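Each residue of the sequence shown is one higher than the last, beginning at 806 in my numbering.
Below you'll find the structure, written out as structure tokens, and then a few comments.
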Amino acid sequence: MGTAAFRDHPFARRIVGKRVLVAEDDADIRKMLTIVLEAVGAVVSEAGSLRQTVARLQESAPDALILDWNLGGTTGDRLFAELATLSPPFAGSILVISGDQRVTTAVLPKTPRTVVLLKPFLPVHLVAALGGLLP
806 MGTAAFRDHP
816 FARRIVGKRV
826 LVAEDDADIR
836 KMLTIVLEAV
846 GAVVSEAGSL
856 RQTVARLQES
866 APDALILDWN
876 LGGTTGDRLF
886 AELATLSPPF
896 AGSILVISGD
906 QRVTTAVLPK
916 TPRTVVLLKP
926 FLPVHLVAAL
936 GGLLP
């Protein structure tokens with residue numbers, strides 16, 4: 806599936822101009838996510854650890870957070886607990902990415918606009934999932 810497939814996805818236009826924080830500890834995956842999101846017009850910032858993620862969220866509230874469920878060895882439960890302590894609270898969309906098939910929306914805290922995308926996935930799946938979360 807070529808570049809045009811994810812750029813032409815109907816939800817790609819929802820991502821244009823949106824600020825997205827990519828929180829992923831694997832540098833190669835983080836770079837791939839950034840490339841795809843920038844190709845559809847997102848303004849992307851990156852974090853490689855829980856500490857960096859919290860710092861970036863406190864600096865400016867993005868429209869969406871792409872969150873690796875196992876960010877730097879920290880479990881998703883801890884990540885969501887940290888998000889709950891932010892002031893002001895994070896009110897954007899959250900796309901949780903994970904290679905663990907057991908991670909589903911059923912195990913996530915009950916937060917609005919949160920979905921899970923299981924690894925491995927194609928760029929078009931990323932655009933569809935994130936675009937589907939954004940207004």
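From the three backbone atoms N, C-alpha and C, an ideal C-beta is built for every residue, glycine too.
In this text, all values refer to a predicted model and were calculated from it rather than measured experimentally.
>> Rounding to the nearest angstrom, what Cα-Cα distance links Pro894 and Leu927 in this structure?
In response: Spanning the two alpha carbons is a distance of roughly 31 Å.
> Which same chain residues, not among the five before or five after Lys924, have their C-beta less than 7 Å away from its C-beta?
Replying inline: Contacts found: Ile902, Ser903, Gly904.
> How about Arg824 and Pro867: are their beta carbons less than 7 Å apart?
Replying inline: Contact flag set, yes.
> Among residues of its own chain, excluding the 5 on either side of Glu851, which ones have a beta-carbon nearer than 7 Å to its beta-carbon?
Replying inline: Cβ within range, chain order: Val827, Arg835, Thr839.
>> Excluding the 5 residues flanking Leu939 on each side, which residues of the same chain have their C-beta closer than 7 Å to its C-beta?
In response: Taken in chain order, the residues that qualify are Arg819, Ile820, Lys823, Asp868, Ala869, Ser898.
> What is the DSSP secondary structure of Asp873, counted as helix, strand or coil?
Replying inline: In this structure, Asp873 counts as strand in the three-state DSSP scheme.
> For Val770 versus Leu931, is the C-beta distance shorter than 7 Å?
Replying inline: The chain is shown only over 806 to 940; residue 770 falls outside these bounds and no answer can be derived.
>> With H, G and I counted as helix, E and B as strand and the rest as coil, what does DSSP make of Leu939?
In response: Leu939: coil per DSSP, three-state reduction.
> For Ala810, which residues of its own chain have a beta-carbon under 7 Å away from its beta-carbon, when the five flanking residues on both sides are left out?
Replying inline: Taken in chain order, the residues that qualify are Val929.
> Which parts of the stretch 823-909 are runs of the alpha helix (DSSP H), unbroken and 4 residues or longer, counting only runs that do not cross its ends?
Replying inline: Listed in chain order, they are 832-844, 855-864, 881-889.
> Does the separation of the CB atoms of Ala886 and Val845 fall below 7 Å?
Replying inline: At a Cβ-Cβ threshold of 7 Å, Ala886 and Val845 do not count as neighbours.
> How far does the alpha helix (DSSP H) with Arg818 in it reach, from first residue to last?
Replying inline: The continuous alpha helix (DSSP H) containing Arg818 extends over residues 817-820.
> For the putative contact between Leu876 and Leu855, defined by C-beta atoms under 8 Å, what is the C-beta separation to the nearest angstrom?
Replying inline: About 6 Å separates the two Cβ atoms, so the contact holds.
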